[in-house]
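If you want our numbering, it's the position in the sequence shown, counting the first as 1, plus 4. Yeah, the Cβ is synthetic: ideal placement off N, Cα and C, and Gly gets one too. Below you'll find the structure, written out as structure tokens, and then a few comments.
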Amino acid sequence: MATCSADLAPLLGPNATAAADYICNKFSDTSFAVDNTYLLFSAYLVFSMQLGFAMLCAGSVRAKNTMNIMLTNVLDAAIGGLFYYLFGFAFAFGSPSNGFIGRHHFALRSVPSSSFDYSNFLYQWAFAIAAAGITSGSIAERTQFVSYLIYSSFLTGFVYPVVSHWFWATDGWASASRADDFLFGSGVIDFAGSGVVHVVGGVAGLWGALIEGPRIGRFDHSGRSVALRGHSATLVVIGTFMLWFGWYGFNPGSAWCRWYINSAKITYQCKVTGQFLEKGFSHQLRRHVGRFHHQWRQEGWREVTAGITSGSIAERTQFVSYLIYSSFLTGFVYPVVSHWFWATDGWASALRTDDFLFGSGVIDFAGSGVVHVVGGVAGLWGALIEGPRIGRFDHSGRSVALRGHSATLVVIGTFMLWFGWYGFNPGSFNKISSFYTSGNYYGQWSAVGRTAVTTTLAGCTAALTTLFGKRFLTGHWNVTDVCNGLLGGFAAITAGCSVVEPWAAIICGFVAAWVLISCNKLAEKVKFDDPLEAAQLHGGCGAWGIIFTALFASEKYVREVYPSRPVRYGLFMGGGGRLISADDEMAGMDLTRHGGLAYVYHDEDESQKQGTQMRKIESHPSPSSV
């Protein structure tokens with residue numbers, strides 16, 4: 005920043021230093037916004053490798069172990085999300101520390117900072133679960149499930165973070181960023197993880213495979229190798245291409261896109277040029293020119309709403325009837341409800357400037373209510389009208405499982421939805437380059453990253469809670485249940501993803517899992533048939549998300565996301581009208597709220613004066629009242 009100001013000052017004439025500082029602060033804000041957005045985008049690409057690992061592993065094992073290997077890959081991501089949040093990032097990058105292990109930023113404490121933003125956490129989490137994905141294939145088809153959960157937790161929460169600290173933290177003993185002459189003055193150059201990710205994952209897999217020994221039948225009685233071929237080369241190829249796709253986040257993404265003044269100038273010029281283009285076309289297209297991306301985003305949300313509904317009424321709906329149903333939902337129901345919550349003059353909008361609905365409206369940032377509850381209720385209504393599928397309940401009314409035909413497709417769909425949710429929630433910000441306080445490395449780009457983190461943590465927590473909850477209730481580890489639990493966590497956090505702390509997202513996901521389990525139990529008792537559990541998942545968990553936001557919304561984040569308007573924040577975070585005004589507190593509540601003082605120390609005239617003052621206070625309430 006000092007160099008930037010020094011370079012610009014001679015060109016600006018009077019008040020050169022102040023002008024140069026202002027311009028360079030703007031360039032710095034743009035730089036941080038672009039850097040963090042690029043890193044988030046790369047993290048999403050690296051995350052997509054989890055689908056690649058899942059399909060590669062599923063195709064490489066025998067058909068009888070497909071569900072097991074896919075479940076371990078889903079849980080690698082879920083376990084990694086929680087353990088890397090709680091411990092892993094601190095062990096990896098908690099500087100200042102020693103050369104062996106970090107010791108700061110547990111549970112992302114003091115993040116964002118000048119060194120790290122939420123995007124750094126998400127990117128490194130994607131690397132950590134990639135290392136776990138490598139390991140899962142080495143010990144496939146013969147590992148106790150609970151043992152694998154412990155192994156994966158230890159790998160993502162401790163082993164990978166410690167090794168990444170050695171090589172990538174500025175004070176790691178083998179880091180190429182060290183300023184001293186240790187290791188010949190260069191450290192170990194491992195730009196994108198050949199050692200930190202792939203060797204760690206490979207060695208962990210080697211160690212596990214050596215401990216467990218070969219699969220039964222892998223070698224014959226004379227010791228010769230016997231091929232145990234995987235059941236699907238198709239899945240192997242799908243997984244390979246997904247890994248190829250994700251690798252473009254793995255390697256190029258490691259550059260962290262450090263822009264400085266020249267590239268910031270380009271961004272600024274593009275912004276100005278875009279404004280001219282918008283004005284130039286505005287006479288022809290009249291309104292909202294240059295804002296077609298907003299319409300396109302709403303198109304996507306509208307289609308998601310209809311997609312939720314389709315699962316609830318599957319296998320028994322007349323095709324033409326469904327077309328009419330979908331048209332009415334996307335052309336009228338969703339638009340009307342989205343107007344209520346998201347238009348500036350909608351009756352329930354958080355953007356209203358009056359005091360309706362306690363002065364806050366309903367905070368539904370990305371659509372727990374507008375998208376998921378609407379889709380869930382529409383599916384509920386359709387399923388109730390049509391009734392259950394033939395054979396769903398026997399003659400005595402007991403539930404009969406009608407299982408889907410492919411758990412593999414369920415896992416593919418879940419990972420694709422997980423990937424898409426990073427557009428759903430973080431993508432709900434209209435801009436990234438706005439700063440909250442210039443020069444302190446904190447702006448809207450941090451809120452975008454935090455939203456991605458809360459989304460991840462809620463889904464991961466819900467997946468693990470569903471895993472153990474359903475195991476307790478049914479005695480099985482079911483991949484379909486885990487996938488639905490994961491999506492339930494996402495549906496719940498969608499309302500408050502931008503205005504809650506990461507730790508609160510864990511609470512959201514935990515409760516969402518039990519909401520889903522309870523709704524499914526209730527559905528069985530009332531003989532309600534929803535093949536995809538869409539009404540329970542999206543309707544129930546989405547409704548919990550609205551309530552959750554009202555309880556846990558942070559005052560600081562609400563002010564940042566909804567600026568320039570009266571703010572109410574979460575009931576559990578100090579909101580809800582808990583405080584009286586400063587004027588009332590100074591005058592005393594006996595006088596301002598209860599009609600007079602408990603003790604009279606003055607004569608009658610003085611008491612009358614106090615009564616007059618009390619009436620003035622009551623007739624002119626302070627604007628500082630919360």
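Query, Result
"With distances taken from CA atoms, which of A538, K525, A517 and T460 is nearest E505?", "T460"
"To the nearest angstrom, report how far apart Q322 and A231 are at their CA atoms.", "48 Å"
"Spell out the partners DSSP gives F223 in its beta bridges.", "S229"
"Helix, strand or coil for V204? Go by DSSP, reduced to three states.", "helix"
"Taking all protein chains shown into account, decide if D398 is buried (16 or more other Cβ within 10 angstroms of its Cβ) or exposed.", "exposed"
"Do you know how far the Cα of A591 is from the Cα of N488?", "55 Å"
"By how many angstroms is the C-alpha of S403 removed from the C-alpha of E528?", "6 Å"
"Between which two residues does the alpha helix (DSSP H) containing C464 stretch?", "Q448 to T478"
"Alpha carbon to alpha carbon, what distance is there between V240 and G250?", "15 Å"
"Taking only the alpha-carbon atoms, compute the straight-line gap between F245 and G350 and give it to the nearest angstrom.", "45 Å"
"Alpha carbon to alpha carbon, what distance is there between R233 and A37?", "48 Å"
"Once you ignore the five residues that flank A47 on each side, which residues in its own chain have a CB closer than 6 Å to its CB?", "L126, Y127 and A130"
"Roughly how far, in whole angstroms, is the beta-carbon of G549 from the beta-carbon of S372, given that I think they are within contact range, below 8 Å?", "3 Å"
"S140 by DSSP, collapsed to three states: which one?", "helix"
"In three-state DSSP terms, what is Q288?", "Residue placement at Q288 cannot be trusted, given a pLDDT of 37 that sits under 50; what the coordinates show is reported in the next sentence. Looking at Q288 - three-state DSSP - the assignment turns out to be helix."
"May I ask which residues mark the beginning and end of the alpha helix (DSSP H) holding F514?", "P506 to K529"
"Cutting at 7 Å between CB atoms, please list the residues of its own chain near I242, excluding the five before and the five after it.", "M59"
"State the DSSP-derived secondary structure class of Y445, mapped to helix, strand or coil.", "coil"
"Bridge partners for S403 per DSSP, in chain order?", "F397"
"Taking 8 Å as the cut-off, decide whether the C-beta atoms of G116 and Y446 are in contact.", "The sequence as given places Pro at residue 116; Gly does not occur at that position. Yes, Cβ-Cβ distance for P116 and Y446 is below 8 Å."
"Inspect the CB distances between the stretch 128-148 and the stretch 90-106 and report whether three or more fall short of 8 Å.", "yes"
"Beta-carbon within less than 8 Å of S229's beta-carbon, same chain only, minus the 5 sequence neighbours each way: which residues are those?", "R222 and F223"
"Under a three-way DSSP split, which group does S179 fall into?", "strand"
"Between N434 and V375, what straight-line distance do the alpha-carbon atoms span, to the nearest angstrom?", "18 Å"
"Please report how far the alpha carbon of V340 lies from the alpha carbon of E307, in whole angstroms.", "15 Å"
"By DSSP, does S190 sit in helix, in strand, or in coil?", "coil"
"Ignore the nearest five residues each way along the sequence and tell me which others in S121's own chain have a CB closer than 6 Å to its CB.", "Before going further, note that residue 121 is Asp rather than Ser in the sequence given. Closer than 6 Å at Cβ, skipping near neighbours: N40, S450 and G453."
"Identify, in the order they occur along the chain, each residue of the same chain with its Cβ nearer than 8 Å to the Cβ of P392, setting aside the five sequence neighbours on each side.", "K531, F532 and D533"
"May I have the straight-line CA-CA distance separating W481 from K474, to the nearest angstrom?", "7 Å"
"Going by other Cβ atoms of all chains shown within 10 Å of its Cβ, with 16 needed for buried, is P218 buried or exposed?", "exposed"
"Taking the C-alpha atoms as reference points, what is the distance between A178 and T334?", "56 Å"
"So if DSSP puts S353 in a beta bridge, which residue, or which two residues, is it bridged to?", "V366"
"Any idea what DSSP makes of F104, helix, strand or coil?", "coil"
"Around the C-beta of D358, are 16 or more other C-beta atoms found within 10 angstroms, so that it is buried, or is it exposed?", "exposed"
"Taking CB distances under 8 Å as the criterion, tell me whether G489 reaches chain D.", "The question asks about chain D, but that chain is absent: this structure has only one protein chain."
"What's the gap between the Cα of V65 and the Cα of W248?", "21 Å"
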